[in-house]
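Numbering (numbering that gives the first Met the number 0), first residue to last: 0 to 673.
Below is one structure, written out as structure tokens; comments come after it.
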Amino acid sequence: MRKFVKKWKGLIVWGIAIFFTFGIVWWSIAMYMSYRRPSVKSNEYKPNPEDAVAILTKEGTPLNWQYWVMPYELEDRVRAMTQIYYQYGLSYDDLFTGPIMRLTAARDLLDDKVTLYYADTHGLRPKEEEVNQQIDKIVEKYTKDEKTKNYIIQRYGSIDAFKKKIAQGVLVELVKNKVKTAVAKVSEDDVKRYFEEHKDEIKENYDKVKVKHILLDSKEKAEEVLTKIKSGEIDFTKAASEYSLDEDTKKEGGELGWLTKISLDPNFAEAAFSATLNEPVGPVESAYGWHIIDVEDRKIIDTFDDLKEATQAYKDVENKIAREKFKEWLDGYKKKEDISYLFEDESLRLYDEYYTIVSSTPSTYTDEKLDAFLKKLESRITSESTTSTTVINTDVDPTILTLYVNVMEKKLNEVSEKASKYRRYYTLSNSVPKNLLEMDDKEIEAKIEELDEKLGNATGTEYQRLFQEKMSYRDAQTLKRMSEEMEKENVTPEDAKKLAEKYDKLSEDYKEKIKRVLRALYEIAPYSKTVVSKLHNYDPTDLSVSLRFYQMKYEDMKPYISDPEIMETYKNQLLPQIFSVKLGLEMLTFDEKASTDLKVQALETLVSLSRDMRDYQEELRYLKKLKEISPNYPDIDELIKDAESMIETTKATSSSTPTTLQSTETTSTTESEK
Numbered sequence: 000m001r002k003f004v005k006k007w008k009g010l011i012v013w014g015i016a017i018f019f020t021f022g023i024v025w026w027s028i029a030m031y032m033s034y035r036r037p038s039v040k041s042n043e044y045k046p047n048p049e050d051a052v053a054i055l056t057k058e059g060t061p062l063n064w065q066y067w068v069m070p071y072e073l074e075d076r077v078r079a080m081t082q083i084y085y086q087y088g089l090s091y092d093d094l095f096t097g098p099i100m101r102l103t104a105a106r107d108l109l110d111d112k113v114t115l116y117y118a119d120t121h122g123l124r125p126k127e128e129e130v131n132q133q134i135d136k137i138v139e140k141y142t143k144d145e146k147t148k149n150y151i152i153q154r155y156g157s158i159d160a161f162k163k164k165i166a167q168g169v170l171v172e173l174v175k176n177k178v179k180t181a182v183a184k185v186s187e188d189d190v191k192r193y194f195e196e197h198k199d200e201i202k203e204n205y206d207k208v209k210v211k212h213i214l215l216d217s218k219e220k221a222e223e224v225l226t227k228i229k230s231g232e233i234d235f236t237k238a239a240s241e242y243s244l245d246e247d248t249k250k251e252g253g254e255l256g257w258l259t260k261i262s263l264d265p266n267f268a269e270a271a272f273s274a275t276l277n278e279p280v281g282p283v284e285s286a287y288g289w290h291i292i293d294v295e296d297r298k299i300i301d302t303f304d305d306l307k308e309a310t311q312a313y314k315d316v317e318n319k320i321a322r323e324k325f326k327e328w329l330d331g332y333k334k335k336e337d338i339s340y341l342f343e344d345e346s347l348r349l350y351d352e353y354y355t356i357v358s359s360t361p362s363t364y365t366d367e368k369l370d371a372f373l374k375k376l377e378s379r380i381t382s383e384s385t386t387s388t389t390v391i392n393t394d395v396d397p398t399i400l401t402l403y404v405n406v407m408e409k410k411l412n413e414v415s416e417k418a419s420k421y422r423r424y425y426t427l428s429n430s431v432p433k434n435l436l437e438m439d440d441k442e443i444e445a446k447i448e449e450l451d452e453k454l455g456n457a458t459g460t461e462y463q464r465l466f467q468e469k470m471s472y473r474d475a476q477t478l479k480r481m482s483e484e485m486e487k488e489n490v491t492p493e494d495a496k497k498l499a500e501k502y503d504k505l506s507e508d509y510k511e512k513i514k515r516v517l518r519a520l521y522e523i524a525p526y527s528k529t530v531v532s533k534l535h536n537y538d539p540t541d542l543s544v545s546l547r548f549y550q551m552k553y554e555d556m557k558p559y560i561s562d563p564e565i566m567e568t569y570k571n572q573l574l575p576q577i578f579s580v581k582l583g584l585e586m587l588t589f590d591e592k593a594s595t596d597l598k599v600q601a602l603e604t605l606v607s608l609s610r611d612m613r614d615y616q617e618e619l620r621y622l623k624k625l626k627e628i629s630p631n632y633p634d635i636d637e638l639i640k641d642a643e644s645m646i647e648t649t650k651a652t653s654s655s656t657p658t659t660l661q662s663t664e665t666t667s668t669t670e671s672e673k
């Protein structure tokens with residue numbers, strides 16, 4: 000893996016990555032599977048609407064069941080989407096990510112059903128021979144690789160069984176392609192127009208460099224190695240193999256291959272796309288350390304002809320335009336034919352209603368619609384107790400509780416922004432000197448430019464004085480702009496103060512409601528990282544939640560900190576997180592309100608973390624603290640002896656083993672002396 004390439008947003012848990020040995024192949028197969036037919040013959044299968052997840056309607060009347068989304072279809076599609084989600088190392092939570100993924104999958108499947116309906120009513124269904132030919136092509140493609148072929152046979156029993164499994168999916172894909180060809184044709188002029196309107200975006204995605212690099216942990220070391228390369232003392236390939244910390248590329252001379260601008264760390268990209276070919280440059284800092292870069296080749300798209308020559312880029316743009324045209328056609332067709340859908344699944348129905356409201360255009364969205372929805376949702380998840388207090392109904396689908404949290408957080412953000420805006424206006428109204436407000440915009444901007452020039456030569460207290468003066472002019476600009484807005488709202492500074500207080504109170508009320516629901520969710524799903532993280536954020540005084548929060552953070556990091564190579568490569572990203580976890584857990588061990596059992600669990604986690612990091616001094620310190628708190632802790636004396644032994648072993652090993660750079664330099668010196 001190219002460790003600083005942004006494609007992988009976050010480190011992929013190796014256990015999950017193993018699941019994707021066959022990569023995109025299984026994503027494709029899974030998508031075909033999501034269209035599988037029911038296990039009985041279609042002429043015998045006549046489900047009721049309540050058996051479906053969602054049903055397609057025309058003029059309010061349900062269409063034939065073949066245009067409904069059945070549970071098995073949705074489950075298969077969600078499974079396929081979840082796989083690709085995990086493959087890219089994205090954070091997934093059953094309660095928070097899951098429902099949105101289910102809604103996305105259900106809506107996509109419903110659109111597929113609309114497409115099938117159009118095909119059936121316009122004679123666009125492919126013939127059986129076409130379907131069989133496409134199935135054969137797919138099977139041939141996937142069975143070329145012997146491992147993949149064996150896996151298919153192992154999983155489905157035989158190639159013929161596999162063919163039957165994907166047949167319905169192949170049919171649907173062929174139908175979609177036929178309809179798209181009929182309603183969303185793309186001309187060269189369409190592509191040219193798109194290129195002219197989105198040139199910067201296209202360059203960002205398709206300009207590319209063929210580059211190699213050497214990754215080092217400090218600027219000084221990078222300068223030292225670069226000097227050796229430029230002086231001819233060592234060539235780039237050998238320097239990469241001897242000094243680079245990128246284990247994936249050092250044996251290949253630092254070769255990264257062809258990379259696009261958008262896939263790279265910004266600093267790395269800027270250096271790579273501006274460097275002279277075959278002239279090493281650096282040091283370049285990225286989130287992963289310091290790089291020496293050597294650009295071997297560059298392919299840039301500056302003109303439409305360049306785009307046409309870049310076959311894949313042209314095809315991608317063409318497909319993007321086709322998708323946009325198809326969506327526009329689909330929306331128009333549904334409106335014209337009065338085709339809609341009904342969700343039989345309550346959770347999906349509520350999520351669909353919410354996202355329909357919030358994705359409305361500014362002209363159709365209203366706070367009243369959202370408030371009415373929130374009121375309905377609140378009545379669904381709460382009930383009155385015998386003591387007249389509101390309690391959370393934990394019998395409802397937990398995903399409906401998470402929807403409530405999402406809606407309330409949206410409302411919380413809105414009132415918090417309003418409180419901040421009005422407070423800012425009130426504060427500036429009472430702090431900005433009147434003489435600054437009497438200046439016009441040009442005078443203020445000229446004064447700021449003058450101060451910027453002085454700041455360039457100022458230091459110490461003079462710099463601070465000039466900076467504060469500049470900020471006062473910036474505040475004057477802000478107040479003048481805000482005053483115009485407040486005048487339209489008919490809000491005075493005193494009104495703004497009262498409004499800020501009103502929205503602050505609303506914020507606190509919303510936080511309490513969110514906290515109450517999160518507590519209910521925590522009882523239902525203490526394994527949910529999102530629930531734990533949110534509850535810890537809203538109530539950091541809950542020590543048991545804090546403990547679980549830091550334990551989960553540690554569990555996430557464990558695969559990386561326990562591997563010396565990964566830890567060394569990613570230490571710039573991992574160390575701040577490790578420090579945060581250690582600090583949080585240590586604070587729990589000193590908290591007077593924490594129970595002995597909670598302190599013991601916190602120390603156990605700290606001991607485990609220290610052992611994973613091979614920091615035996617810290618492990619020993621935590622073990623001694625553990626013995627102090629719980630003298631009868633099982634095998635505590637043996638654990639302490641083991642940590643002391645590891646400390647002595649590490650000391651002996653480190654004193655006899657030079658660092659890689661020292662070793663290399665010593666060897667070079669010895670060879671030159673010979």
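In this text, a Cβ means the ideal position worked out from N, Cα and C, and glycines have one as well.
Small disclaimer: the values here were computed from a predicted structure and weren't measured.
Boundaries of the alpha helix (DSSP H) in which residue i is found, first to last residue
i                : result
phenylalanine 95 : Element bounds for phenylalanine 95: n/a, residue is neither H nor E.
serine 285       : Looking at the DSSP string, serine 285 is not in any alpha helix (DSSP H); the run it does join, the beta strand (DSSP E), is 280–285.
threonine 595    : 595–611
lysine 319       : 310–336
glutamate 343    : Segment: none, glutamate 343 is in no alpha helix (DSSP H) and carries neither H nor E.
leucine 454      : 440–454
glutamate 488    : 459–488
valine 294       : Counting along the chain, valine 294 falls outside any alpha helix (DSSP H), though it belongs to the beta strand (DSSP E) covering 288–298.
aspartate 188    : 187–196
Status (buried if at least 16 other CB within 10 Å, exposed otherwise) for residue i
i                 : result
glycine 281       : buried
lysine 136        : exposed
serine 579        : exposed
isoleucine 674    : This structure gives no information on residue 674, because the portion of the chain shown stretches from 0 to 673.
serine 38         : With a pLDDT of only 49 at serine 38, under the threshold of 50, the placement of this residue in the model should not be trusted; the figure read from the coordinates follows. It is exposed - the Cβ of serine 38 has fewer than 16 other Cβ atoms within 10 Å.
lysine 177        : buried
arginine 78       : exposed
phenylalanine 548 : buried
valine 357        : exposed
leucine 619       : buried
glutamine 153     : exposed
arginine 76       : buried
C-alpha distance - residue i paired with residue j, whole-angstrom precision
i              : j              : result
lysine 581     : leucine 450    : 44 Å
glutamate 444  : lysine 417     : 28 Å
glutamate 219  : leucine 465    : 35 Å
alanine 274    : aspartate 293  : 8 Å
alanine 499    : methionine 485 : 13 Å
valine 52      : isoleucine 565 : 44 Å
tyrosine 704   : glycine 168    : No answer is possible for residue 704: it lies beyond the span of the chain, which begins at 0 and ends at 673.
tyrosine 421   : serine 415     : 10 Å
aspartate 296  : asparagine 277 : 8 Å
isoleucine 23  : leucine 542    : Caution applies to isoleucine 23, whose pLDDT of 37 falls short of 50 and renders its modelled position unreliable; the value that the coordinates give is listed next. C-alpha separation (whole angstroms): 43 Å.
isoleucine 646 : alanine 286    : 32 Å
aspartate 396  : alanine 651    : 58 Å
glutamate 200  : lysine 260     : 11 Å
aspartate 370  : proline 432    : 41 Å
arginine 101   : lysine 45      : 24 Å
Endpoints, the beta strand (DSSP E) within which residue i is located
i             : result
alanine 53    : 53–57
glycine 256   : 254–259
histidine 535 : Run containing histidine 535: none in the beta strand (DSSP E); it sits in the alpha helix (DSSP H), 528–537.
leucine 215   : 207–215
valine 390    : 389–391
Near the ligand NAP: residue i beta-carbon under 7 Å from a heavy atom
i              : result
isoleucine 399 : Ligands displayed in this structure: none; no statement on the ligand NAP is therefore possible.
Legend entry - Sequence ranges, beta strand (DSSP E) only - wholly within the stretch 120–185, length at least 3: For the beta strand (DSSP E) assignment, the stretch 120–185 encloses no uninterrupted run of at least 3 residues.
Inset, instruction - Take every Cβ of the stretch 54–72, pair it with every Cβ of the stretch 485–493, and state whether three or more of those distances are shorter than 8 Å. - result: With the rule of 3 Cβ pairs closer than 8 Å, the stretch 54–72 does not count as touching the stretch 485–493.
Legend entry - Cβ contact check for the stretch 180–196 and the stretch 315–323: 3 or more pairs under 8 Å: Touching, per the Cβ criterion.
Legend entry - Stretch pair the stretch 394–410 + the stretch 514–521: three plus CB contacts closer than 8 Å: Note that the stretch 394–410 touches the stretch 514–521; at least 3 beta-carbon pairs, one per stretch, sit closer than 8 Å.
Inset, instruction - Answer yes if the stretch 565–575 comes into contact with the stretch 529–543, meaning at least three C-beta pairs across the two stretches below 8 Å, and no otherwise. - result: The stretch 529–543 is not in contact with the stretch 565–575.
Inset, instruction - Check whether the stretch 370–385 touches the stretch 323–338, taking contact to mean three or more Cβ pairs, one atom from each stretch, closer than 8 Å. - result: Too few Cβ pairs lie closer than 8 Å, so no.
Legend entry - Entirely enclosed beta strand (DSSP E) segments - the stretch 221–276, minimum 3 residues: For the stretch 221–276, the full-length beta strand (DSSP E) segments reaching 3 residues or more read 254–259 along the chain.
Inset, instruction - Would you check if the stretch 296–313 and the stretch 214–228 touch, i.e. whether three or more CB-CB distances between them fall below 8 Å? - result: Flag = no, the stretch 214–228 and the stretch 296–313 do not touch.
Legend entry - Three or more C-beta pairs below 8 Å linking the stretch 88–98 and the stretch 110–130: Fewer than three pairs of CB atoms, one per stretch, sit closer than 8 Å, so the stretch 88–98 makes no contact with the stretch 110–130.
Inset, instruction - Flag this pair as touching only if the stretch 192–206 and the stretch 130–149 have three or more C-beta atom pairs under 8 Å; answer yes or no. - result: Not touching, per the Cβ criterion.
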